[in-house]
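K.L.:
Each residue of the sequence shown is one higher than the one before, starting from 41 at the first, in my numbering.
Using N, Cα and C, we set each Cβ at its ideal position, and we do this for glycine too.
Bear in mind that the values here come from a model prediction, so they are computed numbers and not experimental data.
For reference, the structure I am asking about is given below.
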Amino acid sequence: MNISQYIKKIKLLFYIGITITLATAVLGLFSVINQNYLWISLIVLLIILGILFIKLNTFIVRLQQSVLNSQVNLKQTEQSLASRDQKIQELVALNYSMNKAILYARISKKGSIISLSERFAKLLNIEHDYERKNLIDLINLNEVQKNRLLGLITQSSGSVFNEEFELKTSIGQKIWLDISILTIFKESGNSERLILCSDISKRKEAQIEIERLNAYRYREKEELQKSNASQIVEAQEEERKRIAKEIHDSIGQMLTALKLNIESINLENTEKAYQKIEGLKQLSKNLIQGTRIATFNLTPPELKDYGIGIALDKMAKELSKLTGKNILFENKSNFEQRFDSLIETNLYRVTQEAVNNAIKYANSNYILITINHSNSLLSITIEDDGTGFDINTIPSKPNNNAKGGMGLFFMKERMNYINGRIFINSIPNEGSRIILNYTIS
Numbered sequence: 041m042n043i044s045q046y047i048k049k050i051k052l053l054f055y056i057g058i059t060i061t062l063a064t065a066v067l068g069l070f071s072v073i074n075q076n077y078l079w080i081s082l083i084v085l086l087i088i089l090g091i092l093f094i095k096l097n098t099f100i101v102r103l104q105q106s107v108l109n110s111q112v113n114l115k116q117t118e119q120s121l122a123s124r125d126q127k128i129q130e131l132v133a134l135n136y137s138m139n140k141a142i143l144y145a146r147i148s149k150k151g152s153i154i155s156l157s158e159r160f161a162k163l164l165n166i167e168h169d170y171e172r173k174n175l176i177d178l179i180n181l182n183e184v185q186k187n188r189l190l191g192l193i194t195q196s197s198g199s200v201f202n203e204e205f206e207l208k209t210s211i212g213q214k215i216w217l218d219i220s221i222l223t224i225f226k227e228s229g230n231s232e233r234l235i236l237c238s239d240i241s242k243r244k245e246a247q248i249e250i251e252r253l254n255a256y257r258y259r260e261k262e263e264l265q266k267s268n269a270s271q272i273v274e275a276q277e278e279e280r281k282r283i284a285k286e287i288h289d290s291i292g293q294m295l296t297a298l299k300l301n302i303e304s305i306n307l308e309n310t311e312k313a314y315q316k317i318e319g320l321k322q323l324s325k326n327l328i329q330g331t332r333i334a335t336f337n338l339t340p341p342e343l344k345d346y347g348i349g350i351a352l353d354k355m356a357k358e359l360s361k362l363t364g365k366n367i368l369f370e371n372k373s374n375f376e377q378r379f380d381s382l383i384e385t386n387l388y389r390v391t392q393e394a395v396n397n398a399i400k401y402a403n404s405n406y407i408l409i410t411i412n413h414s415n416s417l418l419s420i421t422i423e424d425d426g427t428g429f430d431i432n433t434i435p436s437k438p439n440n441n442a443k444g445g446m447g448l449f450f451m452k453e454r455m456n457y458i459n460g461r462i463f464i465n466s467i468p469n470e471g472s473r474i475i476l477n478y479t480i481s
C-alpha cells in the first residue's frame, strides 16, 4: 500500500466516524434517540479518533523511516556514482597511458586488427584506417618471421607464446621486439588474441656488443696462447742449448782432458806416471761432480721420491756447496703432502729459477727458501739480500732473450699453468721476495 492510499483510508474512516457521531448527536438533541445512545456515540467517536491517532502516528513513523532510508539510499547511490565515476576516470587514464606507453594490439584469431595502441600504430606508421587489416601484413618482417608469427597467432591452445622478432620501422631503423601472445576466450565462444610487445633493441645491442667483445677476447687469448707456445718452444730450445753447452764446456772438456792424460801416461817414467795418475783422480772427481750437477739440474731424484719439501731442501744444500753462498731452507709447517708430479715439477722449477736468478744476477750472499701451508693453501717464499730490480722495467711479455724478463715470464706461465699465483716484490739495492701460492684441493 503506497502513501496516498494510506492517507485516503484514514480520511475515509475519519469521515465515517464524524458522520455517525454527528447523526447520533442530532437525533439525541431532538430526542429522537435516547441520551444513552448519545454518550455511546461520543465514546465510539473517541475510540475512532484514538484509532485514527494511532494509525496517523504509525504512518508518521513509517514516513520518517522511509525518508531516512531514502536519504541513506540516496547517499549510497551518490557514493556509488562517485566511485564509478572515479573508476571510469582511472580506466580512461589507464587506457590513455597504455595507448601512449605500451605496444599492444587486439586481433582476431586470423590476425585481423580489432584495436591498436597509439604507440604501436605510430611505430608501424599505420595511425589511421587499420581496423580489420591483418597485423602480419603491416609489420615489416621477413617471410620466415611472418610465417612464424602467423603460426603463433593462429594457435588456440590458450597458452602464452613468447618470442623475439627483428623488424624495420617506416624510417628503415632495425629494432627488436619481444612479442607475447595471449588468447582471450569470450562468452560467445569466440576467441581473440592480445599482442603485448617490448622494445628490447638496447638489450640486443648490448648482447651483440658482449658477443663481439667475447669473440675479440677469445681471438686475443688465442693469439696470446700461440705467442706463449712459441716462446715456450724457444725457451725449451734455449734450455737444450744451455744443457748442451754445460755438457760440452764442462763434462765434455773434462772427458777430453781425461782421455789425453790417460794416453800421455808413460809407464817407463814412474814418477811422471804417478803425478798424472793423481791428476787423473782429481779430474775424475771433478767429472763426477759436474755430472751430478748436470743431472741434478735436469731432474732431482728427491722430487720424485719424497716430494717438494725434501727436493727444495736438497737443492738448497747442493747449491750452497757448489756456489759457496749462504742458501737456507726452512719447512715452517712441516709440509709433507704429495701432489701430482706435474704440480710438484712446476713448483720446483719456479723456485729453482728464482734461486738461480738471485745467484746469477742479484749478487746475493743470503738466500732463504721457506715453505708454509694451511688447510687450503701452500706458500713457498724465496728471499734474497741482492741488488734487487725495478719490476716496472721488466716487460710483461718479452720479445726475445736479449731484452730480459724471460725467466720471470716463464715463472708466471708455469704458475698459471697449474692455477697458482706468483707475487714478485723487489726494491733496487734492497733485495727481492717472490711468493708462490698454490691452492690445496
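Could you tell me whether the Cβ atoms of I407 and D430 are closer together than 7 Å?
P.N.:
By one-based count along the sequence shown, residue 407 stands at place 367. By one-based count along the sequence shown, residue 430 stands at place 390. Cβ distance not < 7 Å, so I407 and D430 don't count as in contact.
K.L.:
In or out: N230 buried (at least 16 other Cβ within 10 Å) or exposed?
P.N.:
By 1-based counting over the sequence shown, the position of residue 230 is 190. Exposed is the call here.
K.L.:
Starting from S210 and walking both ways along the beta strand (DSSP E), at which residues does that stretch end?
P.N.:
The count along the sequence shown starts at 1 and reaches residue 210 at position 170. Per DSSP, S210 belongs to no beta strand (DSSP E) and is neither H nor E.
K.L.:
Would you report the Cα separation of N441 and Y457, rounded to the nearest angstrom?
P.N.:
Counting from 1 along the sequence shown, the entry for residue 441 is found at position 401. Counting from 1 along the sequence shown, the entry for residue 457 is found at position 417. Legend: pLDDT at N441 = 48, less than 50; position of this residue unreliable, value from coordinates given subsequently. Looking at the two C-alpha atoms, the distance is approximately 21 Å.
K.L.:
Using alpha carbons as the reference points, say which of K354, N415, M294 lies closest to F369.
P.N.:
Walking along the sequence shown from the start, residue 369 turns up at place 329. Of the candidates K354, N415, M294, the one whose C-alpha sits nearest the C-alpha of F369 is K354.
K.L.:
Does the distance from the CB of I367 to the CB of A356 come in under 7 Å?
P.N.:
Counted from its first residue, the sequence shown places residue 367 at position 327. Counted from its first residue, the sequence shown places residue 356 at position 316. Yes, these two residues count as a Cβ contact at 7 Å.
K.L.:
In the DSSP output, what is R473 paired with across the bridge?
P.N.:
Taking the sequence shown and counting its residues from 1, one reaches residue 473 at position 433. According to DSSP, R473 bridges with E423, N465.
K.L.:
Quick one: what does DSSP say Y401 is sitting in, helix, strand or coil?
P.N.:
Stepping through the sequence shown from its first residue, residue 401 is reached at position 361. Coil.
K.L.:
Put Y170 into one of helix, strand or coil per three-state DSSP.
P.N.:
To locate residue 170, count along the sequence shown from 1; it is residue 130. The answer is coil: DSSP assigns Y170 none of H, G, I, E or B.
K.L.:
Tell me R243's beta-bridge partners as DSSP assigns them.
P.N.:
Looking up residue 243 in the sequence shown gives position 203. Its beta-bridge partners do not exist; DSSP assigns none.
K.L.:
Which one or two residues does DSSP pair with D218 in a beta bridge?
P.N.:
In the sequence shown, counting from the first residue as 1, residue 218 sits at position 178. E204, S238.
K.L.:
In terms of residue numbering, what span does the beta strand (DSSP E) encompassing L408 cover?
P.N.:
In the sequence shown, the residue the question calls residue 408 occupies position 368. Segment 406-413, the beta strand (DSSP E) holding L408.
K.L.:
Distance, Cα to Cα, I193 vs R172?
P.N.:
Position 153 of the sequence shown, counted from the start, is the residue given in the question as residue 193. Position 132 of the sequence shown, counted from the start, is the residue given in the question as residue 172. C-alpha separation (whole angstroms): 15 Å.
K.L.:
Roughly how many angstroms separate the alpha carbons of L121 and S110, rounded to a whole number?
P.N.:
Your numbering for residue 121 matches position 81 in the sequence shown. Your numbering for residue 110 matches position 70 in the sequence shown. Using only the alpha carbons, I get a separation of about 16 Å.
K.L.:
Secondary structure at F369, three-state DSSP: helix, strand or coil?
P.N.:
Within the sequence shown, numbered from 1, the residue matching residue 369 stands at position 329. Of the three classes helix, strand and coil, the one that applies to F369 here is strand, per DSSP.
K.L.:
L163 lies in the beta strand (DSSP E); which residues open and close that run?
P.N.:
Residue numbering aside, residue 163 sits at position 123 when the sequence shown is read from its first letter. Looking at the DSSP string, L163 is not in any beta strand (DSSP E); the run it does join, the alpha helix (DSSP H), is 158-164.
K.L.:
Where DSSP assigns a beta bridge to Y478, which residues make up the other side?
P.N.:
Walking along the sequence shown from the start, residue 478 turns up at place 438. BP columns for Y478 point to L418.
K.L.:
Which whole-angstrom value describes the C-beta separation of I475 and S414, a residue pair presumed to lie in contact below a C-beta threshold of 8 Å?
P.N.:
Numbered from its first residue, the sequence shown carries residue 475 at position 435. Numbered from its first residue, the sequence shown carries residue 414 at position 374. About 14 Å separates the two Cβ atoms, so there is no contact after all.
K.L.:
Around the Cβ of A398, are there at least 16 other Cβ atoms within 10 angstroms (buried) or fewer (exposed)?
P.N.:
Your numbering for residue 398 matches position 358 in the sequence shown. The residue in question, A398, is buried, as its Cβ has 16 or more Cβ neighbours within 10 Å.
K.L.:
Counting along the chain, where does the beta strand (DSSP E) carrying L143 start and finish?
P.N.:
Here residue 143 corresponds to residue number 103 of the sequence shown, with the count starting at 1. Taken as a continuous stretch (DSSP letters only), the beta strand (DSSP E) holding L143 covers 143-148.
K.L.:
In three-state terms, what does DSSP make of E232?
P.N.:
Taking the first residue of the sequence shown as 1, we reach residue 232 at position 192. Three-state result, E232: strand.
K.L.:
Can you tell me whether DSSP reads S324 as helix, strand or coil?
P.N.:
The residue given as residue 324 occupies position 284 in the sequence shown. Helix.
K.L.:
What are the boundary residues of the alpha helix (DSSP H) that includes T433?
P.N.:
Along the sequence shown, one-based indexing puts residue 433 at 393. Segment: none, T433 is in no alpha helix (DSSP H) and carries neither H nor E.
K.L.:
Taking the DSSP output, what are the residues bridged to I224?
P.N.:
The residue given as residue 224 occupies position 184 in the sequence shown. The partner list for I224 (beta bridge, DSSP) reads E232.
K.L.:
Residues in its own chain within less than 8 Å of N326 by CB, not counting five upstream and five downstream?
P.N.:
In the sequence shown, residue 326 corresponds to position 286, counting from 1. Excluding sequence neighbours, N326 sits near M294.
K.L.:
Expressed to the nearest angstrom, what Euclidean distance is found between the alpha-carbon atoms of L343 and L307?
P.N.:
As a first step, residue 343 must be located in the sequence shown, where it is residue number 303. As a first step, residue 307 must be located in the sequence shown, where it is residue number 267. One C-alpha to the other measures close to 46 Å.
K.L.:
Assuming E358 is part of the alpha helix (DSSP H), what are its boundary residues?
P.N.:
Stepping through the sequence shown from its first residue, residue 358 is reached at position 318. Looking at the DSSP string, the run of the alpha helix (DSSP H) that includes E358 is 348-363.
K.L.:
Check the DSSP bridge columns for S152 and list the partner residues they point to.
P.N.:
The residue you call residue 152 lines up with position 112 of the sequence shown. BP columns for S152 point to N174.
K.L.:
So what's D345 in DSSP terms, helix, strand or just coil?
P.N.:
By 1-based counting over the sequence shown, the position of residue 345 is 305. D345 falls in the helix class under three-state DSSP.
K.L.:
Grouping DSSP H, G and I as helix and E and B as strand, with all else coil, what is L181?
P.N.:
Here residue 181 refers to the residue found at position 141 of the sequence shown. In this structure, L181 counts as coil in the three-state DSSP scheme.
K.L.:
To the nearest angstrom, how far is the alpha carbon of T310 from that of T296?
P.N.:
To locate residue 310, count along the sequence shown from 1; it is residue 270. To locate residue 296, count along the sequence shown from 1; it is residue 256. Distance between the alpha carbons of T310 and T296: 23 Å.
K.L.:
In its own chain, which residues sit with a C-beta less than 7 Å from the C-beta of K214, not counting the 5 before and 5 after it?
P.N.:
In the sequence shown, counting from the first residue as 1, residue 214 sits at position 174. Result list for K214: E206, K208, in chain order.
K.L.:
Taking the alpha helix (DSSP H) that Q293 belongs to, which residues open and close that run?
P.N.:
Within the sequence shown, the letter at position 253 stands for residue 293. From DSSP, the alpha helix (DSSP H) with Q293 extends over 293-303.
K.L.:
Does the separation of the CB atoms of R378 and G349 fall below 7 Å?
P.N.:
Residue 378 sits at position 338 when you count from the first residue of the sequence shown. Residue 349 sits at position 309 when you count from the first residue of the sequence shown. No, these two residues do not count as a Cβ contact at 7 Å.
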